[in-house]
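Q: Per this note's numbering, numbering of the sequence shown is gapless, rising by one per residue and ending at 392.
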Amino acid sequence: MRNPLIGKRWPGFWRIFSVALILFCANQLLEQVLLRWLSSDGLAALCQLDCHWYADIASQGYERLSLDGFDFSRKANLAFFPLFPLLAHGLARLLGLQPITAILLTGKAFFLLSIFAVMLLGRRVLPDIHPVAVGSVAAFNPYAIYGNTGYTESLYLFLGSVFFILLLRGAILRAAAAGALLSAVRLVGVIAFMSALIVWVPQWKTWSWRLRARAATGLALIPFGLLLFMWHLQLRTGDPLAFIHIQKAWGRSTPTGFLSWASVIGRGLTSDWWLYRYWALSGIAVLLICLAFIANRRHASLAVFSLLSTLVPLSSDCWGLTRYIWWQPPVLLFIACVVGRRRITLMAWLLLSIAINVVCYKLWFSPVKWYIS
20 MRNPLIGKRW
30 PGFWRIFSVA
40 LILFCANQLL
50 EQVLLRWLSS
60 DGLAALCQLD
70 CHWYADIASQ
80 GYERLSLDGF
90 DFSRKANLAF
100 FPLFPLLAHG
110 LARLLGLQPI
120 TAILLTGKAF
130 FLLSIFAVML
140 LGRRVLPDIH
150 PVAVGSVAAF
160 NPYAIYGNTG
170 YTESLYLFLG
180 SVFFILLLRG
190 AILRAAAAGA
200 LLSAVRLVGV
210 IAFMSALIVW
220 VPQWKTWSWR
230 LRARAATGLA
240 LIPFGLLLFM
250 WHLQLRTGDP
260 LAFIHIQKAW
270 GRSTPTGFLS
280 WASVIGRGLT
290 SDWWLYRYWA
300 LSGIAVLLIC
310 LAFIANRRHA
320 SLAVFSLLST
330 LVPLSSDCWG
340 LTRYIWWQPP
350 VLLFIACVVG
360 RRRITLMAWL
370 LLSIAINVVC
380 YKLWFSPVKW
390 YIS
């Protein structure tokens with residue numbers, strides 16, 4: 020009997036968006052049920068921790084200070100990248116919203132768009148997996164809470180997916196533009212540079228000089244978002260790397276070398292706290308899976324992206340690593356590939372993911388947020 024989750028022809032653009040919208044609404048319905056159960060403060064109660072930092076940037080901009088002699092017992096908003104709060108600031112100005120409301124709505128809007136973008140990427144990378152399976156994995160990933168609570172995860176997933184769609188389609192400059200925006204969302208966004216190299220270098224000899232010029236321009240464009248942020252920090256603080264140096268206020272160490280991640284994993288595995296061991300094991304699992312794909316020369320651009328996107332945060336600490344893992348486009352596609360071929364495995368995965376989401380929401384509103392980064 021033919022498996023209905025394999026070999027299904029992918030629908031058109033607008034049908035994919037319709038499916039993404041339905042899945043997003045299902046996620047929001049689940050959230051509303053949980054909010055009624057766990058909180059009486061409504062939407063505003065979702066904004067906690069990093070969300071407040073982004074709201075502060077959206078309303079006040081980056082602090083003007085010097086890190087020379089800075090009291091690292093206090094924190095500063097220099098640690099957070101600019102594109103997400105900048106977009107929220109624009110939404111607040113356009114609709115007359117409070118910064119916190121604008122941050123939350125911006126995150127939710129990009130959550131919808133990220134589900135859509137992951138499905139479009141799945142159409143190119145996993146054409147034999149049913150689109151509903153790919154979209155469901157994105158909409159109900161175990162850490163989907165971060166798409167609703169004013170964090171950058173949804174924007175990062177959206178731009179990362181758009182980057183790979185354009186990269187694999189051969190749209191050189193548009194892919195580079197998406198990569199430039201990605202590098203203004205999070206430091207690991209600049210890793211798009213490596214993925215572009217992996218795709219473009221093998222084609223270099225066969226390209227005309229025009230295509231080579233486009234590729235060279237594209238490679239120069241990808242880190243542009245990061246460079247603009249560093250330039251702004253130079254003007255505000257005198258330190259273009261303030262976003263790294265301020266991490267000391269969060270108790271994170273500055274990487275001391277290429278192998279910093281190895282010592283971090285070692286500390287995680289030997290920690291007395293089970294959650295640190297879980298984060299370390301999650302990092303090891305992703306690294307090994309990525310290396311396996313690279314060794315087999317399958318989807319190397321995606322695998323290298325996830326490999327380096329995991330190593331960068333690991334170079335300073337294991338804390339909250341799973342949040343960084345579960346919002347990477349390649350990770351979601353890998354899960355969709357594993358569980359999306361049979362209805363029973365997909366349903367089992369979704370039930371597990373929804374259960375984890377319920378626990379995450381319960382802990383989000385608990386007095387002691389011991390699990391949250």
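All C-beta atoms, glycine included, are put in the ideal place defined by N, C-alpha and C.
(1) For Trp14, report the span of its alpha helix (DSSP H) as first-last.
(2) Comparing C-alpha positions only, which one of Cys44, Asn96, Leu40, Ser335 sits nearest to Ser78?
(3) Compute the Euclidean distance between the alpha carbons of Val204 and Pro242, then round it to the nearest angstrom.
(4) With Tyr396 as the anchor, note down where its alpha helix (DSSP H) starts and where it stops.
(5) Got a sec, what are the start and stop residues for the alpha helix (DSSP H) Tyr81 sits in?
(6) Cα separation between Phe91 and Val220?
(7) Does Cys309 pass the burial test, meaning 16 or more other C-beta atoms within 10 Å, or should it be called exposed?
(8) Would you mind stating whether Pro332 and Leu340 have Cβ atoms separated by less than 8 angstroms?
(9) Using a C-beta cutoff of 8 angstroms, does Ala197 count as contacting chain C?
(10) Thinking just about the alpha-carbon of each residue, which of Ala64, Thr171, Arg55, Tyr165 is nearest to the one in Leu102?
(11) Would you say the stretch 35-50 touches the stretch 156-164, given that touching needs at least three Cβ pairs under 8 angstroms?
(12) In angstroms, rounded to a whole number, what distance separates the CA positions of Val218 and Leu187?
(13) At the level of alpha carbons, what is the spacing between Val153 and Ala128?
(14) Pairs of beta-carbons, one from the stretch 276-291 and one from the stretch 225-232, closer than 8 angstroms: are there three or more?
(15) Is the beta carbon of Leu351 sitting closer than 8 angstroms to the one on Val144?
(16) Smallest Cα separation from Leu178: which of Ala211, Leu369, Ile122?
(17) Which value, in whole angstroms, describes the spacing of the CA atoms of Trp18 and Gly141?
(18) Where Asp147 and Ile35 are concerned, what is the direct C-alpha to C-alpha distance, given to the nearest angstrom?
(19) Suppose only complete runs of 4+ residues qualify. What are the alpha helix (DSSP H) ranges in the stretch 165-250, listed by chain order?
(20) Would you say the stretch 63-80 touches the stretch 183-201, given that touching needs at least three Cβ pairs under 8 angstroms?
(21) Mapping DSSP to helix, strand and coil, what is Gly115?
(22) Ordered along the chain, which non-local residues of its own chain (more than five positions away) have a Cβ less than 7 angstroms from that of Arg296?
(23) Could you tell me the boundaries of the alpha helix (DSSP H) in which Phe324 lies?
(24) For Phe130, tell me which candidate among Tyr165, Ile363, Thr120 has the shortest Cα-Cα distance.
(25) Please look up how many angstroms separate the CB atoms of Ala63 and Ile119, rounded, as I've assumed it's under 8 angstroms.
(26) In angstroms, rounded to a whole number, what distance separates the CA positions of His149 and Leu306?
(27) Under 8 angstroms, do Leu48 and Ile373 count as touching if we go by C-beta distance?
(28) Reducing DSSP to helix, strand and coil, say where Lys109 ends up.
(29) Hey, would you say Ile263 sits closer than 8 angstroms to Ile284, going by beta carbons?
(30) DSSP on Ala95, reduced to helix/strand/coil?
(31) CB-CB under 6 angstroms to Arg271, same chain, minus the five flanking residues each way: which ones, in chain order?
(32) Keeping to the same chain, check which residues put their C-beta closer than 8 angstroms to that of Cys66; ignore five residues upstream and five downstream.
A: In this structure, then:
(1) Because the chain here runs from 20 to 392, residue 14 falls outside it and cannot be looked at.
(2) Asn96
(3) 11 angstroms
(4) Since the displayed the chain opens at 20 and closes at 392, residue 396 lies outside it and no answer follows.
(5) Counting along the chain, Tyr81 falls outside any alpha helix (DSSP H), and DSSP gives it neither H nor E.
(6) 44 angstroms
(7) buried
(8) yes
(9) Looking for chain C here will not work: only one protein chain is present.
(10) Thr171
(11) yes
(12) 8 angstroms
(13) 19 angstroms
(14) no
(15) no
(16) Ala211
(17) The requested residue 18 does not occur in the structure, where the chain is confined to residues 20 to 392.
(18) 15 angstroms
(19) 172-188, 191-201, 211-219, 228-240
(20) no
(21) coil
(22) Gly287, Leu288, Ser290
(23) 319-333
(24) Tyr165
(25) 6 angstroms
(26) 27 angstroms
(27) no
(28) For the sequence presented, residue 109 should be read as Gly rather than Lys. Helix, per DSSP.
(29) no
(30) coil
(31) Ser335, Asp336
(32) Ala74, Ile119, Ile122, Leu123, Thr168, Gly169
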